[in-house]
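As structure tokens, the structure follows; a few thoughts come after it.
2 protein chains.
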Amino acid sequence: MSALSPKPPAQPVPGEARERIIAAARKAFASAGFEGAATRQIAAEAGVAQSLLLYHFKSKDALWRAVIDQMFADLDGRMAVAARRSQGGTVRERLMSVVRAFIDLCAEDADIHRIMTIEGRQPTERLRWLVDQHLRDNHRAACALIGEGQALGVIRPGDPTLIYYSFIAIAGTAFSLAPEIRLVSGDQTAISPDAIEDLIAALLFVGA
Amino acid sequence: MSALSPKPPAQPVPGEARERIIAAARKAFASAGFEGAATRQIAAEAGVAQSLLLYHFKSKDALWRAVIDQMFADLDGRMAVAARRSQGGTVRERLMSVVRAFIDLCAEDADIHRIMTIEGRQPTERLRWLVDQHLRDNHRAACALIGEGQALGVIRPGDPTLIYYSFIAIAGTAFSLAPEIRLVSGDQTAISPDAIEDLIAALLFVGA
DNA sequence: GCGCATCTTGATCAATCGATCAGGCTCTGT
DNA sequence: ACAGAGCCTGATCGATTGATCAAGATGCGC
Chain A
0 MSALSPKPPA QPVPGEARER IIAAARKAFA SAGFEGAATR QIAAEAGVAQ SLLLYHFKSK
60 DALWRAVIDQ MFADLDGRMA VAARRSQGGT VRERLMSVVR AFIDLCAEDA DIHRIMTIEG
120 RQPTERLRWL VDQHLRDNHR AACALIGEGQ ALGVIRPGDP TLIYYSFIAI AGTAFSLAPE
180 IRLVSGDQTA ISPDAIEDLI AALLFVGA
Chain B
0 MSALSPKPPA QPVPGEARER IIAAARKAFA SAGFEGAATR QIAAEAGVAQ SLLLYHFKSK
60 DALWRAVIDQ MFADLDGRMA VAARRSQGGT VRERLMSVVR AFIDLCAEDA DIHRIMTIEG
120 RQPTERLRWL VDQHLRDNHR AACALIGEGQ ALGVIRPGDP TLIYYSFIAI AGTAFSLAPE
180 IRLVSGDQTA ISPDAIEDLI AALLFVGA
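Residue numbers (numbering that gives the first Met the number 0), protein chains in the order written: chain A, 0 to 207; chain B, 0 to 207.
Now the structure itself:
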């Protein structure tokens, strides 16, 4: 046994490095955008060689799509749980359940909102794929629920699509821009799921 | 006279190329972020050599600051005009005047909101400069006005800073994410200053 | 023990990045 | 006419980009 390689590297756990790469890529895409994110930096943060990144995913573009798919698998799952848990409740309870689930998601991981707001700005091929793959169904389901709430006077009137995007904008921006809000307000404004839930309840919902 | 240079180039108008560079840089920074924007691409869109860009501005960072300064000069001017025009009116009228001015600004040029939401996400040196140079004063003035409106029951209750950012988020996102909203809704949702003004009035203001 | 698929690395590619430099052009002051 | 300031370009620098390739390491089937 030579002095080199004193630790024989443990056999690679299948899929483990792949997950680390996706996690690192999510952070990179969220903070620097698609073009700004460097595959070498992603690989470094994941603790692997840059070439491994292009072994698991054919290209930077494919890696981006893998990140998005994982993000929406999480989001859709949480939304389904929230909807199931509030089944049988009032429309207000069902609405608040998914609202709270989305707020919690944004609070835990602002990357989703950051990536989405980066990609939604220009009609690229990535945006078209994103809409077809994930956004259209989400939008339809949310607008149906909003329309239900409006019919019963629980949600303020207005185009459901604009209400939908207002909700996403308020909840997402609060956590995405937390560094700026902190700096501007001198840390006087608390940004917590409870605070944002109260904000949404006051602005989008009718009555107490 | 040789066959070359059949058109003697007109003498350069001082400051004209500089303005074209800033305009091109604004678009580039808004769509690709600071790192993602390439000085060569900016120069190409402005119709000048890349080296001219670093002649007028010492560095890419200095160019970015010039873009921001010009943007806020425009924004501050518009806000001052809106405030002056509604002087002597009710608090509601004064609030609606600056709200409308900001909405119109976002509608005409979504780049401001795009750049700000890119930079506000991470505590970089650029963000610190941005807050010290432009954001803090803006935030203070807006929150004072919002507090006035809340005291008179014109604005819904809540932390003024969160109301302030909710307003910016709704107005800015509607125009920034217009490509996505169009794709998702199948062009069914109109995104106009009037529509967003109605939306803000319904969500943030009390009563009709 | 042998072969093969899977996972991983390092070297290397052409392209592009921000930045620097020497030099040319036009106008102005004298 | 001549010198100098201001505006602008093309060539070029070292560094970094996404992507490709050959080869090493590991574990499973036979």
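Just so you know, even glycine gets a beta-carbon here, dropped at the ideal spot from N, CA and C.
inquiry  = Pop quiz: valine 183/A and valine 66/B are said to be a contact at Cβ under 8 Å. What is the actual Cβ separation, rounded to whole angstroms?
reply    = That pair is no contact at about 20 Å.
task = Specify whether the stretch 83–103 of chain B and the stretch 121–135 of chain B touch according to this definition: at least 3 beta carbon pairs, one from each stretch, less than 8 Å apart.
result = Flag = no, the stretch 83–103 of chain B and the stretch 121–135 of chain B do not touch.
task = Scan the stretch 154–167 of chain A for residues whose Cβ lies nearer than 7 Å to a Cβ of chain B and list them as they occur along the chain.
result = The stretch 154–167 of chain A vs chain B, Cβ under 7 Å: Arg155, Pro156, Gly157, Asp158, Thr160, Leu161, Tyr164 and Ser165.
ask   = In chain order, which alpha helix (DSSP H) runs of at least 4 residues are fully inside the stretch 33–80 of chain A?
value = Look at the stretch 33–80 of chain A and you find these whole runs of alpha helix (DSSP H), each 4 residues long or longer: 38–45 and 49–55.
request  = Could you have a look at isoleucine 190/A and say whether DSSP puts it in helix, strand or coil?
outcome  = Isoleucine 190/A: coil per DSSP, three-state reduction.
task = May I ask you to check if the CB of arginine 93/A is nearer than 7 Å to at least one heavy atom of the ligand SAH?
result = This structure does not include the ligand SAH; it has no bound ligands of any sort.
key: Classification of aspartate 60/A by the beta-carbon crowding that lies within 10 angstroms, buried from 16 upward   = With fewer than 16 other CB atoms across the displayed protein chains lying within 10 angstroms of its CB, aspartate 60/A is exposed.
query = Checking contacts by CB at 8 Å: is isoleucine 41/A closer than that to chain B?
reply = Not an interface residue.
inquiry  = Just to check my reading of the structure: glutamine 40/B and proline 178/A have Cβ atoms closer than 8 Å, yes? What is that Cβ distance to the nearest angstrom?
reply    = Approximately 28 Å separates the beta-carbon atoms of glutamine 40/B and proline 178/A; this is outside 8 Å, ruling out the contact.
message = Check whether chain B comes within 8 Å of threonine 172/A, counting only Cβ atoms and requiring the distance to be less than that.
response = Yes, contact with chain B.
task = Please state whether DSSP places proline 7/A in a helix, a strand or coil.
result = Residue placement at proline 7/A is poorly supported in this model, since its pLDDT is 38, which falls under 50; the coordinates are not used for a value here.
ask   = Are isoleucine 190/A and alanine 173/A touching if we call contact CB-CB under 8 Å?
value = Yes. Within cutoff.
query = Closest by CA to leucine 213/B, which one among Val205/A, Ala194/A, Arg181/A and Ser165/A?
reply = Here chain B has residues from 0 to 207 only, and residue 213/B is not among them.
key: Same chain only: Cβ atoms within 8 Å of proline 7/B, ignoring 5 sequence neighbours per side   = Note that proline 7/B scores a pLDDT of 42, beneath 50, so its modelled location is shaky; the value from the coordinates is reported in the next line. Excluding positions up to five away in sequence, the list is empty.
query = Just how far apart, CA to CA, sit glutamate 44/A and alanine 16/B?
reply = So the alpha carbons of these two residues sit roughly 41 Å apart.
ask   = Would you say the stretch 31–39 of chain B touches the stretch 18–38 of chain A, given that touching needs at least three Cβ pairs under 8 Å?
value = For the pair of segments examined, the stretch 31–39 of chain B was found to touch the stretch 18–38 of chain A: the number of CB pairs separated by less than 8 Å reaches three.
Member of Ile114/A, Ala48/A and Arg99/A whose CA lies at the smallest distance from the CA of aspartate 68/A = Closest in C-alpha terms to aspartate 68/A, from the list Ile114/A, Ala48/A and Arg99/A, comes Ile114/A.
inquiry  = Just to check my reading of the structure: alanine 170/B and phenylalanine 101/B have Cβ atoms closer than 8 Å, yes? What is that Cβ distance to the nearest angstrom?
reply    = Yes, alanine 170/B and phenylalanine 101/B are in contact; Cβ-Cβ is about 6 Å, under 8 Å.
key: CB-CB length for arginine 135/A against leucine 104/A, believed under 8 Å   = Not a contact, Cβ separation roughly 19 Å.
inquiry  = Could you check whether the Cβ of glutamate 34/B sits closer than 8 Å to any Cβ belonging to chain A?
reply    = Answer yes: the Cβ-Cβ gap between glutamate 34/B and chain A drops below 8 Å somewhere.
Contact with chain B by alanine 9/A, beta-carbon distance below 8 Å = For alanine 9/A, the predicted model reports a pLDDT of 45, less than 50, meaning its position is unreliable and no value from the coordinates is stated.
Other residues of its chain near histidine 55/B: CB distance less than 7 Å, five sequence neighbours each side excluded = Counting only Cβ-Cβ distances below 7 Å, and skipping sequence neighbours, we find Arg17 and Ile20.
request  = Identify each residue in the stretch 74–105 of chain B for which the Cβ-Cβ distance to at least one residue of chain A is less than 8 Å, and report them in chain order.
outcome  = The stretch 74–105 of chain B vs chain A, Cβ under 8 Å: nothing.
Close Cβ partners of valine 205/B (< 8 Å) along its chain, the five nearest in sequence each way excluded = Taking valine 205/B as the centre and dropping the five residues before and after it, the same chain places the C-beta of Gly152, Val153, Ile154 and Arg155 closer than 8 Å to its C-beta, in chain order.
ask   = Who are phenylalanine 204/B's beta bridge partners in DSSP?
value = Beta-bridge annotation (DSSP): phenylalanine 204/B is paired with Ile154/B.
key: Close Cβ partners of tryptophan 63/A (< 8 Å) along its chain, the five nearest in sequence each way excluded   = Ala24, Phe28, Phe33 and Arg125.
ask   = Interface residues of chain B around arginine 113/A at Cβ under 8 Å?
value = Those are Arg120, listed as they occur along chain B.
request  = Name, going along the chain, the residues of the stretch 44–59 of chain B whose beta-carbon falls closer than 7 Å to a beta-carbon of chain A.
outcome  = Going along the stretch 44–59 of chain B in chain order, one finds no residue with a Cβ nearer than 7 Å to chain A.
message = Less than 8 Å between CB atoms is the rule here; does valine 183/A satisfy it with respect to chain B?
response = Yes, contact with chain B.
task = Kindly indicate which residue of Asp73/A, Ser58/A, Ile111/A and Ile145/A has the alpha-carbon position closest to the one of valine 98/A.
result = Taking the Cα of valine 98/A as reference, the smallest distance to any Cα among Asp73/A, Ser58/A, Ile111/A and Ile145/A is reached at Ile145/A.
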